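Numbering (mature numbering (1 follows the signal peptide of the UniProt record, and there is no 0)), first residue to last: -31 to -1, 1 to 377. Note that beta-carbon positions come from the ideal geometry of N, C-alpha and C, so glycine has one too. Note that the coordinates shown come from a computational prediction; the quantities given were computed from them, not determined experimentally. Here the structure is laid out as structure tokens; the discussion comes afterwards.
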């Protein structure tokens, strides 16, 4: 039986009161006044091992706008301004982009989005500062879909902060962008065309990170390339050397089924529901105590029995949605932030999650039955048809809402 809206949203006042009473009676007194309970999952493996997650990326969020793909291949956008392809301006209601009926996947970062189509071609739009959409165009913004030349048979895409990354059906990885700073094959010049990354084979999922790339292959192995937080031991580079470490495998204790990246922080979900993390924990990106920045993967102390992970969010086997990291609220003229260094639960009954997405000031969960639930400071990206004006409290920002967009 499907959960009702009252069941789904953890913040419902009456439900919260009952939950608080239950906690007082059955857990500890310190939990009774906790509006957003901290993660307290049993450290036991899943009874049924997870398979590698290869769900298509049917929803994406960027800086102020969002996009989604329906099962019929149509593309829909909402929020934003010029980057909202459907209307060319701000609109919090999801609307269809004309003349697109063969969309497969979409990926977004702060400034641009990528669209994968059924013929294996990739199209992009948004800010083009580093040539991430069209390296031959000096315009800083591209407000219409534009085909990215030099690509065929693409099956996965990842829009990064200053690059675009693509996976072919044969498992090869290509990158495009002007600020690789040498991490892509040691090339320091702007990439004028999609460039194949060395030592990346049989890849099925890829995520862009600051100064590199994280990839998952069909065996459940994780590979990293670049500089910075690679999750593996690397030899120090000479002072004047190009900042580049070729792709190599990250040492994990079991098969990985999914990966997630937040700037220079990386996570790998293992088939037993454990989450292993490494990298820069600034702003609580890894949900670890302040000052912990593991160079090599460590088992996360509280994220257990997880079935899906995203950028600073996760869903466990019971359908509980957890988030962490820096949360912005207030007004844009007088902003406030709270950093959650331990995962907190903000919703229940998020069963059968297919994809967790994150944008600038908004995030969401797409379920396998095609429903989108979202939360965040910038409500125009949630897609409810409404947009908050003025002040937004922390509770407003952490309130999960059902979007008008669905994939069906």
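Between the region 286 to 298 and the region 310 to 318 there are three or more C-beta pairs closer than 8 Å, enough to call the two in contact. If you draw a straight line from the Cα of residue 144 to the Cα of residue 165, it is about 7 Å long. Between residue 45 and residue 63 the beta-carbon gap is near 5 Å, inside 8 Å, which marks them as a contact. DSSP, reduced to helix, strand and coil, places residue 350 within a helical segment of the structure shown. In the displayed model, residue 60 falls within a strand according to three-state DSSP.
Within 10 angstroms of the beta-carbon of residue 80 lie 16 or more other beta-carbons, which makes it buried. Selection 4, 182 and 99 evaluated against residue 126 yields 182 as nearest (Cα-Cα). Here residue 185 is not near residue 201, since their CB atoms are 8 Å or more apart. Here residue 357 has 348 as same chain residues with Cβ atoms under 6 Å from its own Cβ, once five neighbours each way along the sequence are excluded.
In the DSSP secondary-structure assignment, residue 169 is not bridged to any residue. Relative to the Cα of residue 14, the nearest Cα in the group 268, 147 and 334 belongs to 268. Bounds of the alpha helix (DSSP H) holding residue 366 are 363 to 366.
Residue 213 holds the alpha-carbon nearest to the alpha-carbon of residue 151 among 87, 25, 213 and 329. With fewer than 16 neighbouring CB atoms inside 10 Å of its own CB, residue 11 falls in the exposed class. Under the rule that a run must span 3 or more residues, the beta strand (DSSP E) segments found entirely inside the region 101 to 175 read 110 to 116, 123 to 128, 133 to 137 and 142 to 145. A distance below 6 Å between beta-carbons, with the five flanking residues on each side excluded, links residue 248 to the following residues of its chain, in chain order: 198, 233, 234 and 235. For the beta strand (DSSP E) assignment, the uninterrupted runs of no fewer than 3 residues enclosed by the region 305 to 329 are, from N- to C-terminal side, 322 to 328. Taking all protein chains in view, the Cβ of residue 157 is surrounded by fewer than 16 other Cβ atoms within 10 Å, so the residue is classified as exposed. Inclusion of residue 276 and residue 19 in the CB contact set at 8 Å is warranted, their separation being smaller than that value. Contact between residue 100 and residue 159 holds: their C-beta atoms lie close to 6 Å from each other, under 8 Å.
Ranked by Cα distance from residue 27, the first of 40, 17 and 368 is 40. Inter-residue distance for residue 97 and residue 57 is about 17 Å (C-alpha atoms, whole angstroms). In the structure shown, the three-state DSSP call for residue 332 is strand. Excluding sequence positions up to five before and after residue 226, its CB lies within less than 6 Å of the CB of 19, 21, 22, 238 and 240, all in the same chain and listed in chain order.
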